[in-house]
Structures are given as C-alpha cells and as structure tokens.
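**Q**
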Amino acid sequence: MENPFVNLKPSSLWKHFFDLTQIPHPSGCQEEITQFVEDFGKRLGLETLRDSANNICIRKPATPGCETIQPIVLQSHLDMVPQANSDVRIDFEKDPIQPYVDGDWVKAKGTTLGADNGIGAAAMMAILEDKDIQHGPIEALFTTDEETGMFGALAIRPGFINGKILLNLDGEEYGEVYIGCAGGADVTARFQFQNETFVPKEDVAMKVSLTGLKGGHSGVDIHLGRANANKLMFRFLKEAMETYDIRLSSVKGGSLRNAIPREAFAIIIVDSQERYEKVKAMVAGYEQIFREEFDGIEDINALSFKAEFVEIEKDMVLIPRLIQERLTHAIMAAPNNIINMSPQVTTAVQTSINLATIETCDSMAEVRFLARSSSQSKKEALCSSEESLFKLAMADFVETSNGYPGWDPDPNTKIVPAMEKIYKDLEGEDLKIEIIHAGLECGIIMSNVPDLKLDAVSFGPTIKFPHSPDEKVNIPSVEKFWNYLITILKNAPKQN
1 MENPFVNLKP SSLWKHFFDL TQIPHPSGCQ EEITQFVEDF GKRLGLETLR
51 DSANNICIRK PATPGCETIQ PIVLQSHLDM VPQANSDVRI DFEKDPIQPY
101 VDGDWVKAKG TTLGADNGIG AAAMMAILED KDIQHGPIEA LFTTDEETGM
151 FGALAIRPGF INGKILLNLD GEEYGEVYIG CAGGADVTAR FQFQNETFVP
201 KEDVAMKVSL TGLKGGHSGV DIHLGRANAN KLMFRFLKEA METYDIRLSS
251 VKGGSLRNAI PREAFAIIIV DSQERYEKVK AMVAGYEQIF REEFDGIEDI
301 NALSFKAEFV EIEKDMVLIP RLIQERLTHA IMAAPNNIIN MSPQVTTAVQ
351 TSINLATIET CDSMAEVRFL ARSSSQSKKE ALCSSEESLF KLAMADFVET
401 SNGYPGWDPD PNTKIVPAME KIYKDLEGED LKIEIIHAGL ECGIIMSNVP
451 DLKLDAVSFG PTIKFPHSPD EKVNIPSVEK FWNYLITILK NAPKQN
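Under this note's numbering, residues 1 to 496 are what the sequence shown spells out, in order.
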C-alpha cells in the first residue's frame, strides 16, 4: 500500500515505522523482520550481531566530540500482538497491517497497529542511519518474542551488549518515565476427557457469541474495569446449565495471554425447540444486563451478546457433563482483574490476574491466566492459589510457567535526574516518574548482565489501547518523544 505517513514528522521515524507495518511480525513469527533489521544494520556498515534467540544488536560509534558520554543501549522489541475484529480477515503471519491517519492519531484498519513496540524500533532505526544527531556510543538492541513471555530478553547473555545506560522505548504515555514494573507468570490448566459423540436427533444446537468489548492490555488497562469476555460467557453458561440443562459442545474465548479477552464463543445444545427459545431469550436478557453493568466502561452500542441457530453436524460432540460442570465452576470461582493496589503507591496496581484464554478442542479444555505483581512473593502466592483452585476442580494438568521478574527501582539512578531536567527544559513542566503494572524487559536484561550495572528507564510516545484493534498512537506525541530522545542522547551523563 502507499505510505500514508509521508507528511508526518519526524519523517525518518515514520518511514521506518511504515516499513515495519508492511512486514508480518506477530510473536513467534519474526524471521522476516529480524532479517530486515539485521540487513539494515549491515547496509549502514555498522557492527551487527545476532544471538541464539534472534535478538539483533547494532553498534554505532560516538559522533565526534561525544566520545565521553556513557555508552547507551536503546532497546525495543520486534514482535507485535496480533488482534483483529471478528469481521476482519487477516493472516498476521502473511499479511501486512493497514495503517491510516485519523486526525492526530495513527490507527490500523480493524487490527492492532504494532505501535507497541514498532514506534520504538523505528526511532532506533532512524537514529542509526542519521548522520547529524549527536550521541555517545550506541547499541541498538532489538529483542524478540516479548509479548509471549519476554523470551528474547531472557536469552540476553554477557558480551552481547556493553552499554551503561538502558533506554527502553516501550513506554506508552509521553511525559511519563517508568523506573520499575511488575513481574509475571502464566498459569495453565487442562481438563482431559472423552467426547460424547451421540447427539439425539431432536436436540437443537445454537452458537452464542459475545463480541464488541474493548479488551486491551492486561497490565496497562487492568485498572479500567473492562469486561472480560470469558468471565461473562461462563456467567451465562452456568445459569443456562442450571436452568435449562444445556450441554456444551465447544467454547473459545480470548486469543492472547497478555490481552483482556474481547470476544468469546460457545456452541451449546438443548433438548427441544422450546428450550432453544428460552435460552435465546436468556441471552437477550444477559445482553441488557451486560450493557447496564458496563455502561461508561465499554461501548454499550458495540457490545453484542447473541444466539443463533446452527445445524448439528455429523462430527459435533458433547463435553461430558462432569467436565463441563468442573470447568464452569472453576472459571466462575477464579479471580480476575485487580487483586490489590500498591501499599506504597496507592494509585498503582500491585497485583492482578487476567483470565486470558479458554479453548476446547481434541478432547481437551485449556484455560490460561497471566498473573502480574511487583511483589515476587504475592505473584507466587497468586499463582499457587490459582493452581489449588483447578486442582480442587480435578483438572488433569495445572502448571505455572514463563515466569519473569519484576524490575525494582534504583534510588541511585543518574539518568533520571538528567531526563527530568531535559524534559522540564523542553516542555516547561515536570516529568512524571512512575512504576508500571505491565511487564517490561528492563529488569530481565539487567539481571542477565549484572556486571554492567545498567542504569535503566522506559519511556515512549502516547499509545492508547495496545493489544486491541483499537490501538492508536498520538502523532504530536511521537514528534515530542523523538525530540526528547535525541536531546537525551546528546546530554546523557558522562563516563566517570
């Protein structure tokens, strides 16, 4: 497609961002974009490294007169979250994103945009090729598979980077700098069973669909109280089971571990046309309830909870009653959303959990949660509690995995005071110093190269609704972020 950003500034950053949107790069599928970045570094004649996790590090020497500035690591991740509205047909592993300009915002047509973290990566590429920006020694670190478990950052080893200051460009609110973040871990539970293949010919099947929720980032947006499609679907299913003895054939809700689920779908079966009509009326009643409960939080005009008749196919199966009851009660009992706020910073979330995905297939039901906390002990306790719940429900498999540490603030940081002064000079107001509930790679990278004693911060332009098709990046904030970043590079602390 034609580049819609040709009139935006800074032009070099927006050019590189458009190029990135045209290369498919969902988590787990970054071969092409990794090769693109590696070739970019080599084409510039810069030292370019690739490690075992396909992280790329491109080294650029200091500009004349800036050799005494402390070496800086600029860091962004290359993968994006693949989310699309149900009416959009896209193969994220093959198709490009369709970005467009809407006033002061850049959005994508019915999908995630990839500004998280494509804007940061594009800024790094623009700095690497620019011959006029003044800066000390730079290492541009492009990591992989951040969104699915920080796997690229976890693979960083001593010697791959050698800087002293880490500028993570994955922030999402211009004017805020993050100096700490929550750690996280996945909790997965599975129920194994033998499907029932006999469906009486007088039974009636229906598809129940919950769509139109906002979703969002399960860390950044968890405090907004948005609806979780999985919890709402099983709230309905529980009452329908108890009232009309419905049978569950299949269910699928959510698609990503780190996104609040926006949609959920279930195929259910009832034993008569009369009950079909009653269940359909129950669905309509729940749609009204959900709209009333989430008025002011969700777009109630977009929120849709519908039931429609479907044919009973030859291969349609029933989940055994005992399994559907165990699954339903466990999901209804499972905690979701904020667990507690920070005792030190009362406006910040300390601990939360997101009921991310539910799917039944191949005689198995799988449920996945992502737990987050800035307290390692509370994160472990929450995961243990979730494990116990599903063990009591007699799940066949329960596991906590993909754990990553939080990032503790450094009270002796030198880069933060420098950034505060620069921001005040540029914007005429105070910089906000924050701890974010989302996961960032800083703490992981720092723990993997402890001898460097990295001085780390995270910041970026304003990005709204990441991890959802409503994702958008604010155009004026990108230019401000760019000016702030290149001013930091020129005025960063000197070497001792």
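We treat Cβ as the ideally placed atom computed from N, Cα and C, and that holds for glycine.
Given the structure is predicted, the values throughout are model-derived calculations rather than measurements.
Compute the beta-carbon to beta-carbon distance between A492 and L166, rounded to the nearest angstrom, for a pair I have assumed lies under 8 angstroms.
**A** Going by Cβ atoms, the distance from A492 to L166 rounds to 12 angstroms, so no, they are not a contact pair.
**Q** Closer than 8 angstroms is the cut-off here; do at least three beta carbon pairs connect the region 197 to 217 with the region 302 to 311?
**A** The region 197 to 217 vs the region 302 to 311: in contact.
**Q** I think P469 touches A229, with their Cβ atoms under 8 angstroms apart; what is that distance to the nearest whole Å?
**A** Their Cβ separation, rounded to whole angstroms, is 14 angstroms, which puts P469 and A229 out of contact at 8 angstroms.
**Q** Which term fits R43, buried or exposed, when burial requires 16 or more other beta carbons within 10 angstroms of its beta carbon?
**A** The residue in question, R43, is exposed, as its Cβ has fewer than 16 Cβ neighbours within 10 Å.
**Q** Hey, could you find the ends of the alpha helix (DSSP H) A205 is sitting in?
**A** Premise fails: A205 lies in the beta strand (DSSP E), 204 to 211, not in any alpha helix (DSSP H).
**Q** Give the DSSP bridge partners of C66, in chain order.
**A** DSSP output for C66 lists no bridge partner at all.
**Q** Between G65 and D299, what straight-line distance do the alpha-carbon atoms span, to the nearest angstrom?
**A** Taking the straight line from one Cα to the other gives about 54 angstroms.
**Q** Bridge partners for C361 per DSSP, in chain order?
**A** DSSP output for C361 lists M364 as bridge partner(s).
**Q** With DSSP run on the structure shown, which of helix, strand or coil describes F397?
**A** Three-state DSSP puts F397 in a strand.
**Q** Put Y178 into one of helix, strand or coil per three-state DSSP.
**A** It is a strand residue.
**Q** Under the rule that 16 or more other beta-carbon atoms within 10 Å means buried, what is K472, buried or exposed?
**A** K472 comes out buried.
**Q** Count the C-beta pairs between the region 430 to 444 and the region 56 to 73 that are closer than 8 angstroms, then say yes if the count reaches three, no if not.
**A** Segments in contact, no.
**Q** Where K280 and D315 are concerned, what is the direct C-alpha to C-alpha distance, given to the nearest angstrom?
**A** In a straight line, the C-alpha of K280 is about 24 angstroms away from that of D315.
**Q** Assign L141 to buried or exposed, taking buried as 16 or more other Cβ atoms, counted over all protein chains shown, within 10 Å of its Cβ.
**A** When all chains shown are included, L141 counts as buried.
**Q** What does DSSP give as the partner residues of M125 in its beta bridges?
**A** The partner list for M125 (beta bridge, DSSP) is empty, contrary to what the question assumes.
**Q** Terminal residues of the continuous alpha helix (DSSP H) containing E172?
**A** E172 -> no alpha helix (DSSP H), and no H or E assigned at all.
**Q** How should N340 be labelled, buried or exposed, when 16 other C-beta atoms within 10 angstroms of its C-beta is the threshold for buried?
**A** Its Cβ having fewer than 16 others within 10 Å, N340 is exposed.
**Q** Counting Cβ pairs, one atom from each stretch, are 3 or more of them under 8 angstroms apart for the region 266 to 282 and the region 367 to 378?
**A** No, the region 266 to 282 is not in contact with the region 367 to 378.
**Q** Between which two residues does the alpha helix (DSSP H) holding F459 run?
**A** Where F459 is concerned, there is no enclosing alpha helix (DSSP H), given that its DSSP letter is neither H nor E.
**Q** Between the alpha carbons of V101 and N117, how many angstroms are there, rounded?
**A** For V101 and N117, the distance between alpha carbons rounds to 18 angstroms.
**Q** So, helix, strand or coil for M241, using DSSP?
**A** M241 falls in the helix class under three-state DSSP.
**Q** Based on the DSSP secondary-structure assignment, which residues constitute the bridge partners of F191?
**A** Answer is A365, bridged to F191.
**Q** Just reading off the alpha helix (DSSP H) that D425 is part of, what are its end residues?
**A** Per DSSP, D425 belongs to the alpha helix (DSSP H) from 415 to 427.
**Q** Using a threshold of 9 angstroms, state whether the C-beta atoms of S374 and Q350 are closer than that.
**A** Yes, they are a contact pair.
**Q** What does S250 pair with, by DSSP beta-bridge criteria?
**A** Paired residues: I267.
**Q** Using DSSP's beta-bridge definition, name the partner residues of E308.
**A** The partner list for E308 (beta bridge, DSSP) reads K207.
**Q** Flag A122 as yes when its Cβ comes closer than 8 angstroms to any non-hydrogen atom of the ligand FAD, and as no otherwise.
**A** Of the ligands one can find in the structure shown there are none, so the ligand FAD has no counterpart to examine.
**Q** Along the chain, where does the beta strand (DSSP E) that runs through N337 open and close?
**A** Per DSSP, N337 belongs to the beta strand (DSSP E) from 337 to 341.
**Q** I need the DSSP call for A512, collapsed to helix, strand or coil.
**A** The chain is shown only over 1 to 496; residue 512 falls outside these bounds and no answer can be derived.
**Q** Once DSSP output is grouped into helix, strand and coil, what is the label at N491?
**A** In this structure, N491 counts as helix in the three-state DSSP scheme.
**Q** Note down, one range per segment and in chain order, each alpha helix (DSSP H) of at least 4 residues found wholly within the region 16 to 92.
**A** Here the runs fully enclosed are 31 to 43.
**Q** How big is the Cα-Cα spacing for T34 and Q98?
**A** Roughly 20 angstroms between the two C-alpha positions.
**Q** Please state the DSSP three-state secondary structure of D451.
**A** The answer is helix: DSSP assigns D451 an H, G or I state.
**Q** Please check the pair M446 and L454, which I expect to be a contact at CB under 8 angstroms, by giving their CB distance rounded to whole angstroms.
**A** Confirmed, about 5 angstroms.
**Q** Would you call the CB atoms of A371 and L382 closer than 9 angstroms?
**A** The answer is yes: Cβ separation under 9 angstroms.
**Q** Run the CB neighbour count on S401, radius 10 Å, all protein chains shown included, and call it buried at 16 or more, exposed below.
**A** The residue in question, S401, is exposed, as its Cβ has fewer than 16 Cβ neighbours within 10 Å.
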